[in-house]
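Enquirer: Be aware that the sequence shown starts at 1, since it is given in UniProt numbering, and climbs by one per residue.
A virtual CB, placed ideally from N, CA and C, is assigned to each residue, including glycine.
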Amino acid sequence: MKKASIVSIGNEVLSGQTLQTNAAYLSEKLLSIGIPVVSSYTIGDDIDLIVRALNLASSDADVVLTTGGLGPTDDDLTRQAFAKFLGTELQLQNVLLQK
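(1) With 16 as the cutoff for other CB atoms within 10 Å, does ALA24 come out buried or exposed?
(2) Kindly list the residues whose CB is nearer than 8 Å to the CB of LEU90, restricted to its own chain and excluding five residues on each side of it in sequence; keep chain order.
(3) In whole angstroms, give me the CA-to-CA distance for GLU12 and GLY69.
(4) Would THR66 pass as an interface residue toward chain D - the criterion being a Cβ-Cβ separation below 9 Å?
(5) Alpha helix (DSSP H) containing ILE47: first to last residue?
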């Protein structure tokens with residue numbers, strides 16, 4: 001049986017500014033298709049914390065879902081953290097920026 005882990009990212013979630021509802025929603029949907037959530041992490045917008053949470057989550061489960069941390073502000077570092085976690089660099093795809 002596959003197992004899942006959820007990583008919720010954002011200072012606004014930790015501070016209580018934003019109510020954390022995504023993890024509960026995702027847990028319910030995953031369980032409805034037979035994938036139990038075995039762990040859930042809520043962390044701030046910090047590259048090293050995100051990488052650490054991704055390492056923990058991926059050691060807990062077969063499937064890792066992330067939520068948050070991808071807004072247009074400078075403190076949203078999820079892309080950079082994923083690149084570090086995967087041992088690669090971000091690449092700008094200019095063709096995707098064209099209208």
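Expert: Judging by the given coordinates:
(1) exposed
(2) ARG79, GLN80 and ALA83
(3) 10 Å
(4) No chain D is part of this structure, which consists of one protein chain only.
(5) 47 to 60
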